[in-house]
Amino acid sequence: MAAPSSALQSVYDGRLKVDGTDPVFNDWRDDLVRDGYAVIKGAIPRDRALGYADKMLALAESFGLGYDRNDRDSVHPDKLPVINEKGMLLHYAAPHEDFVWGVRSEAGVVGAFEKVFNTEDLIVSFDAINYGFSNRTCMPSNKPWPHQDQDPAKPGFRCLQGLVNLLPNGPNDGGLIVCKGGHLLSEEFHKDMIDEERIPAWTPEWYGYTEAGMKWLEGKGLEWVKVEAEPGDLLVWDSRTPHYNVPAKETQDRLAIYTCYMPVADVSQEDLLRKKDAFEKRLGTTHWPNARHVGTNTAKRNGGDDIVTRDRPLNEPVLSERGFKLTGIPYIKAN
Ligand SMILES: [Fe+2]
């Protein structure tokens, strides 16, 4: 890691604070601190990223429901496993497919989080993968849901979210949109908007911006930016940064794998045991690596359980030593 070079070095203990006191690094960390998001170019070599994209499309085809990457008309809910309106495939053990673990274990991806947290002892989320199909006419519409993924009652930098982009992703190709710089105004926002009625959420770690909230951000002169990326680029954002994803407008699909890591030192043994159970059952989690919420492999389709089921991945992961550490299992202490 490059030596920090700032007069504020005395408060820096190697772990980013994202509060204006961090040193200058002359790399993407400066973007993250200033803007609340950053792009790490080439975290995965382009050819390998395109290989992961190929496997991700093959997974969608493997259900045998009719989806074919060469037939744009096959982008239809009846021909695909259940993918939500935001593009997320959450079930069918998909978060544990071999290629998903391959992406999570990539040195350039996990290495970025090592730089932020100043440790190699990290665990990774078992989060969803995202299919942003370009031909969405038959798919449920994806309306904006600007939000931050953090409880307003727990301020400060707590979580760095990430996604690896697998296909060319330009201004019209859908994907992540962020409110640049909104992370640093989060506390002020919540003080000013304390009386604003909350948009209902299933977890306190999610805050949705109302119309008045969006006006507040606009009044501060903040702009929304559609993040652009090449295959293999890693996008990271502070959970306080307002964000959502937008649908593709042209013919280029968007494929992404969510990757979020946190230091093992920040989680309890109980968290690690719950995470181990999720791993062994090949269940997904949210972006929180401590597996606070564990999902199910059974999707809901048309109001009932999907008859298409899969409780193990199409291709089981073969974990590297590093990949296995990221499950958290090696950090569980014997009783
Ligand atoms: Fe989010």
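To convert, take the position in the sequence shown, counting from 1, and add 6; that gives this note's numbering.
C-beta: ideal position from N, C-alpha, C; glycine also.
Just so you know, these numbers come straight off a predicted model, no measurement behind them.
Inset, instruction - Return the residue from the list Val-252, Gln-154, Asp-198, Asp-79 that minimises the CA-CA distance to Arg-246. - result: Along the sequence shown, read from residue 1 onward, the residue named residue 246 stands at position 240. The shortest C-alpha separation from Arg-246 is found at Gln-154.
Legend entry - Proximity winner among Pro-323, Leu-172, Leu-65, relative to Asp-259 (alpha-carbon distances): Here residue 259 is taken as the residue at index 253 of the sequence shown, counted from 1. Of Pro-323, Leu-172, Leu-65, the residue nearest in Cα terms is Leu-172.
Inset, instruction - Could you check the C-alpha separation between Asn-124 and Lys-160 for me, to the nearest Å? - result: Reading the sequence shown from its first residue, position 118 is the one you call residue 124. Reading the sequence shown from its first residue, position 154 is the one you call residue 160. Their backbone Cα atoms lie some 22 Å apart in a straight line.
Inset, instruction - Let me know if Gly-168 comes out buried or exposed under the rule of 16 or more other beta-carbons within 10 Å of its beta-carbon. - result: Here residue 168 refers to the residue found at position 162 when the sequence shown is read from its first residue. Buried: at least 16 other Cβ atoms inside 10 Å.
Legend entry - Leu-325 and Asn-303 closer than 9 Å at C-beta: In the sequence shown, counting from the first residue as 1, residue 325 sits at position 319. In the sequence shown, counting from the first residue as 1, residue 303 sits at position 297. Between Leu-325 and Asn-303, the gap from beta carbon to beta carbon reaches 9 Å or more.
Legend entry - Residue of Leu-166, Asp-41, Ser-68 minimising C-alpha distance to Glu-103: Position 97 of the sequence shown, counted from the first residue, corresponds to residue 103. Among Leu-166, Asp-41, Ser-68, the Cα nearest to that of Glu-103 belongs to Ser-68.
Legend entry - Distance between Arg-110 and Phe-119 (C-alpha atoms, nearest Å): Indexing the sequence shown from 1 puts residue 119 at position 113. Indexing the sequence shown from 1 puts residue 110 at position 104. Roughly 11 Å separates the two Cα atoms.
Inset, instruction - Check whether the Cβ atoms of Ile-338 and Leu-279 lie closer than 9 Å to each other. - result: In the sequence shown, counting from the first residue as 1, residue 338 sits at position 332. In the sequence shown, counting from the first residue as 1, residue 279 sits at position 273. The answer is yes: Cβ separation under 9 Å.
Legend entry - CA-to-CA distance, Gly-238 to Lys-47, given in whole angstroms: Taking the first residue of the sequence shown as position 1, residue 47 is located at position 41. Taking the first residue of the sequence shown as position 1, residue 238 is located at position 232. The straight-line gap from Cα to Cα measures roughly 7 Å.
Legend entry - Whether Gly-138 touches Asn-251 by CB criterion (9 Å): Position 132 of the sequence shown holds residue 138. Position 245 of the sequence shown holds residue 251. Yes, the pair counts as a contact, with Cβ atoms nearer than the cut-off.
Inset, instruction - Examine ligand 1 and report whether any of its heavy atoms sits within less than 8 Å of the Cβ of Asp-239. - result: Counted from its first residue, the sequence shown places residue 239 at position 233. The answer is no for Asp-239.
Legend entry - Which listed residue (Gly-334, Ala-262, Met-268) has its alpha carbon closest to that of Asn-136: For the purposes of this step, residue 136 is taken as residue 130 along the sequence shown, with counting starting at 1. If you compare the alpha carbons of Gly-334, Ala-262, Met-268 with that of Asn-136, the shortest gap goes to Ala-262.
Legend entry - DSSP-derived helix/strand/coil call for Gly-180: The residue given as residue 180 occupies position 174 in the sequence shown. Reduced to three states, the DSSP call for Gly-180 is coil.
Legend entry - Same chain, Cβ closer than 8 Å to Ala-218, neighbours up to 5 away in sequence not counted: By 1-based counting over the sequence shown, the position of residue 218 is 212. Closer than 8 Å at Cβ, skipping near neighbours: Met-199, Glu-202.
Legend entry - Cβ-heavy atom distance, Tyr-250 to ligand 1, below 8 Å: Position 244 of the sequence shown, counted from the start, is the residue given in the question as residue 250. Yes - ligand 1 has a heavy atom lying nearer than 8 Å to the Cβ of Tyr-250.
Legend entry - Endpoints, the alpha helix (DSSP H) within which Trp-34 is located: What you label residue 34 is simply residue 28 of the sequence shown in a count that begins at 1. Element bounds for Trp-34: 34-41.
Legend entry - Whether Asp-60 touches Gly-72 by CB criterion (9 Å): What you label residue 60 is simply residue 54 of the sequence shown in a count that begins at 1. What you label residue 72 is simply residue 66 of the sequence shown in a count that begins at 1. Between Asp-60 and Gly-72, the gap from beta carbon to beta carbon reaches 9 Å or more.
Legend entry - Bridge partners - Cys-291, DSSP secondary structure assignment: Walking along the sequence shown from the start, residue 291 turns up at place 285. Position check: residue 291 holds Thr in this sequence, whereas Cys was assumed. Answer is Val-300.
Legend entry - Rounded straight-line distance, which links the Cα of Pro-336 to that of Thr-216: Numbered from 1 along the sequence shown, position 210 holds the residue referred to as residue 216. Numbered from 1 along the sequence shown, position 330 holds the residue referred to as residue 336. Answer to the nearest angstrom: the Cα atoms are 43 Å apart.
Legend entry - Distance, Arg-142 Cα to Lys-221 Cα: Numbered from its first residue, the sequence shown carries residue 221 at position 215. Numbered from its first residue, the sequence shown carries residue 142 at position 136. Those two C-alpha atoms are separated by around 29 Å.
Inset, instruction - Would you mind sorting Asp-317 into buried or exposed? The rule is 16 or more other CB atoms within 10 Å of its CB. - result: For the purposes of this step, residue 317 is taken as the residue at position 311 of the sequence shown. Its Cβ having fewer than 16 others within 10 Å, Asp-317 is exposed.
Inset, instruction - Along the alpha helix (DSSP H) that carries Met-268, what are the first and last residues, could you check? - result: What you label residue 268 is simply residue 262 of the sequence shown in a count that begins at 1. Per DSSP, Met-268 belongs to no alpha helix (DSSP H); it is in the beta strand (DSSP E), 267-269.
Inset, instruction - Using the DSSP secondary-structure output, state which residues sit across from Leu-128 in a beta bridge. - result: In the sequence shown, residue 128 corresponds to position 122, counting from 1. DSSP, once it has assigned bridges, lists Pro-269 as partnering Leu-128.
Inset, instruction - Would you check if the distance between the CB atom of Leu-166 and the CB atom of Val-270 is smaller than 9 Å? - result: Reading the sequence shown from its first residue, position 160 is the one you call residue 166. Reading the sequence shown from its first residue, position 264 is the one you call residue 270. No.
Inset, instruction - For the segment 39-102, list the alpha helix (DSSP H) runs that are entirely contained and at least 4 residues long, ordered along the chain. - result: 52-68
Legend entry - According to DSSP, residues forming a beta bridge with Arg-355: Lying before the first or after the last residue shown, residue 355 is absent from the chain, which here runs from 7 to 341.
Inset, instruction - Enumerate, from N- to C-terminal direction, the unbroken beta strand (DSSP E) stretches of 3 or more residues contained entirely within the segment 138-196. - result: 166-171, 181-185
Inset, instruction - Specify the secondary structure class of Gly-108 as computed by DSSP and reduced to three states. - result: Within the sequence shown, the letter at position 102 stands for residue 108. Looking at Gly-108 - three-state DSSP - the assignment turns out to be helix.
Legend entry - Close beta carbons around Gly-180, own chain, < 6 Å, minus the five adjacent residues each side: Indexing the sequence shown from 1 puts residue 180 at position 174. If we look at Gly-180 and ignore the five residues flanking it on each side, its Cβ neighbours are Gly-138, Val-252, Pro-253, Ala-254, Arg-260.
Inset, instruction - Would you please state the rounded distance, in angstroms, between the beta carbons of Val-130 and Cys-266? I believe it to be under 8 Å. - result: Along the sequence shown, read from residue 1 onward, the residue named residue 130 stands at position 124. Along the sequence shown, read from residue 1 onward, the residue named residue 266 stands at position 260. Correct: roughly 7 Å between the Cβ atoms.
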